[in-house]
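Q: The working numbering applies: residue 1383 is where the sequence shown begins, and numbers increase by one.
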Amino acid sequence: MLFGLPIVFDSNNDEVKAGETILLTYKNQKIAILEVSSIWEPDKSLEAELCYGTNSLDHPAVKMIFHERGRFYLGGKVYGFELPVREFPCKTPEEVRSTLPSNHDVVAFQCRNPIHRAHYELFTNALLSDNVSSNSVVLVHPTCGPTQQDDIPGKVRYLTYKELEEEISDERIKWAFLPYSMHMAGPREALQHMIIRRNYGCTHFIIGRDMAGCKSSSTGEDFYGPYDAQNFANKCADELMMQTVPSKNLVYTKEKGYITAEEAKEFNYEVMKLSGTEFRKKLRNGEPIPEWFAFKSVVDVLRRS
């Protein structure tokens, strides 16, 4: 009975009537037809409150609901012709499940940015977690659809993932790409991602601190607490027949490479840092980027783009 986030069909056309048939297209493709059975004006304020915990226009998804979605929502039966042809290949859940080993734990790793060294260390480290079996695999399953305005475009992100998939030869790491748009919904987004990954055959889900969080565009305040998504996901895990894997706070040290922040503090190791702002500046200026931070192949793709 768990419900993540609604997928709605919106329109500003007040002439659509129940009983009509609408052709659904994607670019120049004829994808499906919708037999309209209902059309109504939604309570967008209530929708925003229940989905995102706020109806403030400072939240990007709430702003999308009020300023981008149409006045009406339509419901009805959908009859599909074919899948959309996208800029990156997207296997169906059934196709992905067929590539995964049976009777093994499958740990899902979700991301919406290019994968850097810390991400790689995090998802390979997750295979060593106490609640994951020794013969488990990780499904690296990035979202390649639209995210936030200042994020790297989906097609470019996909090219970085493909480079890494070819570069990293490890039977424990599987790859697939998700045609999904991030809503930055914090706890409800965590649930949405778990439902999706359950359908793709995953048994475990890596969930990080402040997953799918966002800040107010006017005050800079966080809409969600750092562990709200983790706590909510843990409450839903049993019903979903999934387990959560907390993401470790890994840092890079001169002395030991990647270790937990707690270990680095305990032994007073020197922690190396490079902020996202500094990374983008170096990227634009052609300055060298340390390999402990980013894979050279990923940096090359980003610079070409």
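Ideal Cβ placement from N, Cα and C applies to all residues, glycine included.
Please state if the CB of Cys-1433 and the CB of Arg-1570 are separated by a distance shorter than 8 Å.
A: Taking the sequence shown and counting its residues from 1, one reaches residue 1570 at position 188. Taking the sequence shown and counting its residues from 1, one reaches residue 1433 at position 51. Yes, the Cβ-Cβ distance between Arg-1570 and Cys-1433 is below 8 Å.
Q: According to the Cβ coordinates, are Ser-1599 and Asp-1440 closer than 8 Å?
A: To locate residue 1599, count along the sequence shown from 1; it is residue 217. To locate residue 1440, count along the sequence shown from 1; it is residue 58. Cβ atoms of Ser-1599 and Asp-1440: closer than 8 Å.
Q: How about Phe-1605 and Gly-1386: are their beta carbons less than 8 Å apart?
A: As a position in the sequence shown, residue 1605 is number 223, starting the count at 1. As a position in the sequence shown, residue 1386 is number 4, starting the count at 1. Against a cut-off of 8 Å, the Cβ pair of Gly-1386 and Phe-1605 comes out as no contact.
Q: For the beta strand (DSSP E) holding Val-1418, just list the boundary residues, first then last.
A: In the sequence shown, counting from the first residue as 1, residue 1418 sits at position 36. That run of the beta strand (DSSP E) goes 1411 to 1422.
Q: My guess is that Val-1627 and Ile-1588 are in contact by the Cβ rule of under 8 Å, so how many angstroms apart are they, rounded?
A: As a first step, residue 1627 is located in the sequence shown; it is residue number 245 there, counting from the start. As a first step, residue 1588 is located in the sequence shown; it is residue number 206 there, counting from the start. So it is a contact: roughly 5 Å between Cβ atoms.
Q: In three-state terms, what does DSSP make of Asp-1460?
A: Along the sequence shown, read from residue 1 onward, the residue named residue 1460 stands at position 78. Rather than Asp, the amino acid found at residue 1460 in this sequence is Val. Strand.
Q: What does DSSP give as the partner residues of Trp-1674 in its beta bridges?
A: Working through the sequence shown from its first residue, we reach residue 1674 at position 292. Note: Trp-1674 sits in no beta bridge, so no partner.
Q: Apart from the five residues on each side of it in sequence, which residues of its chain come closer than 6 Å, Cβ to Cβ, to Lys-1678?
A: As a position in the sequence shown, residue 1678 is number 296, starting the count at 1. Once the five neighbours on either side are set aside, Lys-1678 has no close Cβ partner at all.
Q: Please state if the CB of Leu-1546 and the CB of His-1523 are separated by a distance shorter than 8 Å.
A: Position 141 of the sequence shown, counted from the first residue, corresponds to residue 1523. Position 164 of the sequence shown, counted from the first residue, corresponds to residue 1546. In this structure, Leu-1546 does not lie closer than 8 Å to His-1523 by Cβ.
Q: Of all the options Val-1488, Pro-1535, Leu-1406, Ala-1400, which has the alpha carbon lying nearest to the alpha carbon of Glu-1553?
A: By 1-based counting over the sequence shown, the position of residue 1553 is 171. Cα-wise, what sits closest to Glu-1553 is Val-1488.
Q: Which ranges does the alpha helix (DSSP H) cover as unbroken runs of at least 4 residues, wholly within the region 1611 to 1653, from first to last along the chain?
A: Complete alpha helix (DSSP H) runs here, min 4: 1643 to 1648.
Q: What do you get for Ile-1389, buried or exposed, if any count of 16 or more other CB atoms within 10 angstroms of its CB means buried?
A: The residue given as residue 1389 occupies position 7 in the sequence shown. Classification for Ile-1389: exposed.
Q: Kindly indicate the opening and closing residues of the beta strand (DSSP E) around Phe-1391.
A: Here residue 1391 refers to the residue found at position 9 when the sequence shown is read from its first residue. 1391 to 1393 is the span of the beta strand (DSSP E), which, as asked, contains Phe-1391.
Q: Taking 7 Å as the cut-off, is the beta-carbon of Asp-1592 closer than that to any non-hydrogen atom of the ligand SAM?
A: Inclusion of the ligand SAM in the displayed structure is not the case, the ligand content being empty and no account of it being possible.
Q: For Leu-1428, count neighbouring Cβ atoms within 10 angstroms of its own Cβ and tell me buried if that reaches 16, exposed if not.
A: Working through the sequence shown from its first residue, we reach residue 1428 at position 46. By the 10 Å Cβ count, Leu-1428 comes out exposed.
Q: Report the residue from Ser-1393, Leu-1482, Pro-1535 whose alpha carbon sits nearest the alpha carbon of Gly-1583.
A: Mapped onto the sequence shown, residue 1583 falls at position 201. Ranking the options by Cα distance to Gly-1583, first place goes to Leu-1482.
Q: Please name the residue in Val-1520, Pro-1496, Lys-1664, Gln-1625 whose C-alpha comes closest to that of Asn-1507.
A: Stepping through the sequence shown from its first residue, residue 1507 is reached at position 125. Nearest C-alpha to Asn-1507: Val-1520.
Q: Is Thr-1506 helix, strand or coil when you go by DSSP?
A: Here the question's residue 1506 lines up with position 124 in the sequence shown. Helix, per DSSP.
Q: How would you write the range of the beta strand (DSSP E) that Thr-1403 sits in, first residue to last?
A: Residue numbering aside, residue 1403 sits at position 21 when the sequence shown is read from its first letter. Per DSSP, Thr-1403 belongs to the beta strand (DSSP E) from 1403 to 1408.
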